[in-house]
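Below is one structure, written out as structure tokens, with a few remarks after it.
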Amino acid sequence: MIHPVELRYNPLLDDWTMVASNRKNRPNLPKTDCPFCPGSGKVPDDYDVYAYDNDFPALMPDPPDPDPVGSSLYRTRKAVGKCEVILYSPSHTATLPELSVDHIEKLVDLWTERFVELGKDPRHQYVLIFENRGRECGVTMFHPHGQIYAYSHMPLKIRTELENCRKHYERKGSCLICDMNREERAFGGRVIAENDHFVAYLPFFTDYPYGVFIVSNRHKTALSDFDRAERRSLADMLQKVTGAMDNLFHKLFPYMMVLHQRPVNGEDVEDYYHFHIEFYPPLREADKIKYYASSEMGAWAACNPHSVEECAEQLREAYHRFMREGRRVFR
């Protein structure tokens, strides 16, 4: 038996599980010899932002054959795809709100470049750009970075979201997320921040107390649809929203951040899908975690332990503090 990197089919959910036992060998919060720092020999000695092939990928362009344990019911597939690390800064301790908007704009440009490039491989169905921040989210390297996974299958949550957006469009003749933007602006109490091209709010239904969405104002489906002004506005919004999070409890705020974009190969979703970023922050209070426990994991029956509107007010106040006080370092 080899150590597999493969996909295993879940017939209960019509989904694929990535099996990647090579990832157990990842370094875990090394105190020295960070591979992402200049001088390590792994990255350029001089960079602003940088795309780095993951040393412990769950998906590979040319993966090994699956272990011979499958059957007609329990299907296996090669774990075709690509896993990349996106380095945000050469500084080992930098965070998004500490970076300038100019610098974050370079990050948005690199995300866009990699989204387009990975989408050229016809084997890829979806390109997911994301960041895990903080020990609470399982981070194993503190150097500021995110990741990109290019999947050869459509992940179940994205597939569900696309299907519901399509159904809404067929019923109403409008984009579901455009309608959400209008609804949130009309109510007002859950909006955290706005700029020329993006709005940030706690959606009415959020299951995480501080689960912010950043949504484009115009009906665009991916980073590659944005013009220069929109990319800069996105950089500005990312700096300010993550700065608000850090100012909420005056500490480095853990979160999972995921960019939701159109599929790269497959059906045309331009009429009914809409670019947005979802945050899943695990804190419910400064020193308390909102765990996804049995009901949430076993039944996907989400339960938010706080009032959405009260959390929005708290986060909005933290946003105004960030705007008044500027970038502050929380460690």
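Heads up, the sequence shown stops at 855 in the numbering used here, and the numbers go up one at a time, no gaps.
Using N, Cα and C, we set each Cβ at its ideal position, and we do this for glycine too.
Being a predicted model, the structure only gives us computed values, none of them experimental.
Less than 8 Å between the CB atoms is what I'm expecting for residue 808 and residue 829, so what's the real figure, rounded?
6 Å
Pairing CB atoms from the region 683 to 695 with CB atoms from the region 829 to 843, are three or more of them under 8 Å?
no
From the DSSP output, read off the bridge partner residues of residue 563.
Answer is none; residue 563 lacks a bridge partner.
Rounded C-beta distance between residue 821 and residue 655? I'm assuming under 8 Å.
About 22 Å; that fails the 8 Å criterion.
Start and end of the alpha helix (DSSP H) containing residue 857?
Lying outside 525 to 855, the shown extent of the chain, residue 857 is not represented and no answer is given.
Which same chain residues end up closer than 6 Å to residue 788 when comparing Cβ atoms and leaving out the 5 residues on each side of it in sequence?
Only residues of its own chain outside the window of five on either side were considered, and among them 643, 648 and 651 have a CB closer than 6 Å to the CB of residue 788, listed in chain order.
Could you tell me which residues DSSP puts in a beta bridge with residue 672?
608 and 653
So what does DSSP say about residue 740, is it helix, strand or coil?
Strand.
Can you name the start and end residues of the alpha helix (DSSP H) that residue 639 belongs to?
In this chain, the alpha helix (DSSP H) harbouring residue 639 covers 625 to 643.
Does the separation of the CB atoms of residue 721 and residue 674 fall below 8 Å?
no
For residue 532, report the span of its beta strand (DSSP E) as first-last.
529 to 534
With a cut-off of 8 Å, do at least 3 Cβ pairs link the region 661 to 669 to the region 588 to 601?
Result no; under three Cβ-Cβ pairs closer than 8 Å.
Report buried or exposed for residue 529, applying the criterion of at least 16 other Cβ atoms within 10 angstroms of its Cβ.
By the C-beta density criterion, residue 529 is buried, having at least 16 other C-beta atoms within 10 angstroms.
Can you give me the start and stop residues for the beta strand (DSSP E) that residue 722 sits inside?
722 to 725
Once DSSP output is grouped into helix, strand and coil, what is the label at residue 602?
Three-state DSSP puts residue 602 in a strand.
On the three-state DSSP scale, how would you describe residue 618?
coil
The beta strand (DSSP E) spanning residue 881 covers which residue range?
Residue 881 lies beyond the range of the chain shown here (525 to 855); nothing can be said about it.
By Cβ distance, which residues of its chain are closer than 8 Å to residue 640, with the 5 residues on each side in sequence left out?
748
Figure out for me which residue from 768, 745 and 760 has the closest Cα to the Cα of residue 799.
745
For residue 669 and residue 613, what's the separation of their Cα atoms in angstroms?
8 Å
With a cut-off of 8 Å on the beta carbons, I'd call residue 768 and residue 839 a contact; round off their distance for me.
6 Å
Measuring only the C-alpha atoms, how far is residue 538 from residue 531?
Straight across, the Cα-Cα distance linking residue 538 with residue 531 is about 12 Å.
What are the start and end residues of the alpha helix (DSSP H) that includes residue 762?
752 to 772
Could you tell me whether the region 558 to 568 touches the region 629 to 636, using the rule of 3 or more Cβ pairs below 8 Å?
Remark: fewer than three beta-carbon pairs, one from each stretch, lie closer than 8 Å, so the region 558 to 568 and the region 629 to 636 are not flagged as touching.
Indicate the three-state DSSP secondary structure (helix, strand or coil) for residue 684 in the structure shown.
In the three-state reduction of the DSSP assignment, residue 684 falls in the helix class.
For residue 779, is the classification buried or exposed, using 16 other Cβ atoms within 10 angstroms of its Cβ as the cut-off for buried?
Flag for residue 779 reads buried.
Do you know how far the Cα of residue 806 is from the Cα of residue 540?
25 Å
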